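Below is one structure, written out as structure tokens; comments come after it.
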Amino acid sequence: MKKILCAERHDWKQTAESLGFLFHTIDDEPYWDESAYYQFTLKQIENDLEDPTTELHHMCMDLVARVVQSEELLERLSIPAPFFDLVRTSWLEGHPHLYGRMDFSYNGTGPAKLLELNYDTPTSLYEAAAFQWGWLEQCIERGLLPKHADQFNSIDTKLHQAFAQLQLKQPFYFASMKDSVEDKGTTDYLRLIAEKVGIESRHIDLEDIGLTSDGRFVDLEDRWIPHLFKLHAWEFIFHEPFGAAIAQSDTQFFEPAWKSIISNKGILPLLWEFNKGHPNLLAAHVDTDPSKAVPKGWVRKPYFSREGANIELQTADGLIVKEGGPYTDAPFILQEFAPLPRFDDSFTLVGSWVIGDQAAGIGVREDNSLITKDSSRFLPHLILD
242 MKKILCAERH
252 DWKQTAESLG
262 FLFHTIDDEP
272 YWDESAYYQF
282 TLKQIENDLE
292 DPTTELHHMC
302 MDLVARVVQS
312 EELLERLSIP
322 APFFDLVRTS
332 WLEGHPHLYG
342 RMDFSYNGTG
352 PAKLLELNYD
362 TPTSLYEAAA
372 FQWGWLEQCI
382 ERGLLPKHAD
392 QFNSIDTKLH
402 QAFAQLQLKQ
412 PFYFASMKDS
422 VEDKGTTDYL
432 RLIAEKVGIE
442 SRHIDLEDIG
452 LTSDGRFVDL
462 EDRWIPHLFK
472 LHAWEFIFHE
482 PFGAAIAQSD
492 TQFFEPAWKS
502 IISNKGILPL
512 LWEFNKGHPN
522 LLAAHVDTDP
532 SKAVPKGWVR
542 KPYFSREGAN
552 IELQTADGLI
562 VKEGGPYTDA
572 PFILQEFAPL
582 PRFDDSFTLV
592 GSWVIGDQAA
602 GIGVREDNSL
612 ITKDSSRFLP
622 HLILD
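The numbering of the sequence shown is my numbering, which starts it at 242 and goes up by one.
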């Protein structure tokens with residue numbers, strides 16, 4: 242695993258904007274960064290990332306099957322009791338799912354260590370699936386990369402397969418928050434895939450979804466929403482006014498409600514508890530007293546934080562790093578500290594994608610901190626032996 246400096250394509254911004262990748266720069270800071278790329282060997286990809294992703298995913302599915310049958314475990318994950326049946330039913334009835342992302346600490350030598358699971362509303366999908374693949378193809382065409390360079394990336398292909406298998410006959414709505422360019426870009430990408438496999442699709446802002454007196458979710462023209470992909474986390478929905486109407490509605494939700502089990506960090510202690518000593522897992526347990534200082538060699542994380550918010554860690558040699566944020570009232574976990582590798586002045590995180598139930602590719606992000614935040618940069622990768 243190496244970080245290789247390279248020349249940027251002179252027209253990459255125009256290319257991005259022509260493809261609808263409008264969040265390549267956020268708050269005047271680069272989000273997409275092709276001034277360098279990460280180079281992996283095929284062995285590193287297959288043995289250290291792809292195989293562990295597949296194995297961990299199956300462990301997660303086994304754990305979901307266990308959790309839905311246990312009110313005690315559902316309570317441990319802070320899922321509200323009125324939604325136990327919704328979550329359980331969505332699993333037992335086999336409600337289909339599309340995607341998820343595992344975040345790893347990996348420095349080129351195994352085993353990669355699982356930091357967290359993002360299985361409900363993971364972003365960075367478009368840039369991982371499509372834009373970095375286009376970067377690879379165009380750089381090879383222009384002689385900027387070797388012709389035999391490859392990439393661990395079948396995300397787009399597997400998403401097409403996953404949508405095709407749904408065989409939906411009614412319109413599929415894709416919803417995101419009204420003011421989020423990034424979320425709209427992600428849902429537009431998924432919409433495009435749905436349309437390519439013959440599914441009629443429509444966009445709707447989350448704020449514009451209505452509820453009729455007889456409990457049906459509708460759009461602004463009072464048309465029924467039969468299928469809804471919502472880039473909005475279940476832990477929020479559980480506490481919002483319309484949440485209580487979902488169980489009795491006739492709308493099929495993507496991602497399904499059972500994803501709430503593996504999209505909060507409370508799942509990490511359970512994974513460790515039932516698979517203690519697994520080489521890709523880090524020791525983790527519920528933090529019973531988050532008012533105390535974080536011990537050396539551990540990380541404190543809220544169940545429901547995003548993009549590094551409210552995470553605090555202390556390295557083995559006593560360095561304390563922490564981020565503020567709004568997630569102060571949820572339960573917390575303590576997880577063994579696995580430092581992100583440092584390349585130049587940046588710390589590097591590998592996100593490994595699961596589409597349907599298959600490992601499908603990776604995306605690499607960098608941050609100037611040991612805690613990966615929403616200001617992190619996305620860099621492309623390639624495989625070269």
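The beta-carbon is built from N, C-alpha and C at its ideal position, and this holds for glycine as well.
From a predicted model like this one, the values you see are computed outputs, not experimental measurements.
Per-residue DSSP class, three states only, for residue i
{"i": "residue 367", "result": "helix"}
{"i": "residue 331", "result": "helix"}
{"i": "residue 264", "result": "coil"}
{"i": "residue 547", "result": "coil"}
{"i": "residue 600", "result": "strand"}
{"i": "residue 430", "result": "helix"}
{"i": "residue 244", "result": "strand"}
{"i": "residue 445", "result": "strand"}
{"i": "residue 452", "result": "strand"}
{"i": "residue 288", "result": "helix"}
{"i": "residue 611", "result": "coil"}
{"i": "residue 533", "result": "coil"}
{"i": "residue 381", "result": "helix"}
{"i": "residue 571", "result": "coil"}
{"i": "residue 305", "result": "helix"}
{"i": "residue 518", "result": "coil"}
{"i": "residue 419", "result": "coil"}
{"i": "residue 641", "result": "Residue 641 lies beyond the stretch modelled for the chain, which goes from 242 to 626, so this question has no answer here."}
{"i": "residue 326", "result": "helix"}
{"i": "residue 439", "result": "coil"}
{"i": "residue 310", "result": "coil"}
Nearest-angstrom Cα separation, counted from residue j out to residue i
{"i": "residue 449", "j": "residue 462", "result": "10 angstroms"}
{"i": "residue 335", "j": "residue 500", "result": "12 angstroms"}
{"i": "residue 368", "j": "residue 622", "result": "11 angstroms"}
{"i": "residue 327", "j": "residue 389", "result": "49 angstroms"}
{"i": "residue 361", "j": "residue 333", "result": "18 angstroms"}
{"i": "residue 372", "j": "residue 391", "result": "14 angstroms"}
{"i": "residue 291", "j": "residue 504", "result": "20 angstroms"}
{"i": "residue 502", "j": "residue 318", "result": "7 angstroms"}
{"i": "residue 529", "j": "residue 535", "result": "12 angstroms"}
{"i": "residue 376", "j": "residue 624", "result": "14 angstroms"}
{"i": "residue 539", "j": "residue 380", "result": "41 angstroms"}
{"i": "residue 577", "j": "residue 602", "result": "26 angstroms"}
{"i": "residue 314", "j": "residue 527", "result": "13 angstroms"}
{"i": "residue 255", "j": "residue 517", "result": "49 angstroms"}
{"i": "residue 512", "j": "residue 300", "result": "8 angstroms"}
{"i": "residue 475", "j": "residue 559", "result": "36 angstroms"}
{"i": "residue 594", "j": "residue 397", "result": "11 angstroms"}
{"i": "residue 394", "j": "residue 331", "result": "29 angstroms"}
{"i": "residue 418", "j": "residue 472", "result": "8 angstroms"}
{"i": "residue 611", "j": "residue 297", "result": "24 angstroms"}
{"i": "residue 555", "j": "residue 347", "result": "19 angstroms"}
{"i": "residue 424", "j": "residue 349", "result": "31 angstroms"}
{"i": "residue 304", "j": "residue 408", "result": "28 angstroms"}
{"i": "residue 406", "j": "residue 427", "result": "20 angstroms"}
{"i": "residue 276", "j": "residue 285", "result": "23 angstroms"}
{"i": "residue 245", "j": "residue 583", "result": "13 angstroms"}
Near the ligand SAH: residue i beta-carbon under 7 angstroms from a heavy atom
{"i": "residue 272", "result": "Questions concerning the ligand SAH fall outside what the structure shown contains, since it holds no ligand whatsoever."}
Beta bridge counterpart(s) of residue i as assigned by DSSP
{"i": "residue 525", "result": "576"}
{"i": "residue 271", "result": "266"}
{"i": "residue 346", "result": "354"}
{"i": "residue 622", "result": "279"}
{"i": "residue 340", "result": "596"}
{"i": "residue 606", "result": "590, 619"}
{"i": "residue 554", "result": "540, 562"}
{"i": "residue 584", "result": "587"}
{"i": "residue 359", "result": "342"}
CB contact check: residue i to chain D, cutoff 8 angstroms
{"i": "residue 605", "result": "Here there is only one protein chain, and chain D is not present."}
Three CB pairs or more closer than 8 angstroms across the stretch 598 to 615 and the stretch 569 to 589: yes
Every unbroken beta strand (DSSP E) within the stretch 455 to 508, with a cutoff of 3 residues, ordered by chain: 468 to 471, 493 to 495
Inter-stretch contact at 8 angstroms, needing at least 3 Cβ pairs: the stretch 432 to 443 / the stretch 495 to 505: no
Cβ contact check for the stretch 413 to 421 and the stretch 463 to 472: 3 or more pairs under 8 angstroms: yes
Stretch-stretch touch, CB-based, cutoff 8 angstroms, three pairs: the stretch 248 to 268 with the stretch 479 to 494: no
The stretch 572 to 584 / the stretch 540 to 550 touching (three or more Cβ pairs under 8 angstroms): Flag = yes, the stretch 572 to 584 and the stretch 540 to 550 touch.
Validate contact between the stretch 507 to 516 and the stretch 302 to 316 using beta carbons, cut 8 angstroms, 3 pairs: yes
Complete runs of the alpha helix (DSSP H) confined to the stretch 388 to 417 [at least 4 residues]: Complete alpha helix (DSSP H) runs here, min 4: 396 to 407.
Inter-stretch contact at 8 angstroms, needing at least 3 Cβ pairs: the stretch 595 to 602 / the stretch 336 to 351: yes
Three or more C-beta pairs below 8 angstroms linking the stretch 251 to 263 and the stretch 482 to 490: no
The stretch 513 to 529 touching the stretch 345 to 362, judged by at least three CB pairs closer than 8 angstroms: Judged by Cβ distances under 8 angstroms, the stretch 513 to 529 makes contact with the stretch 345 to 362, as three or more pairs qualify.
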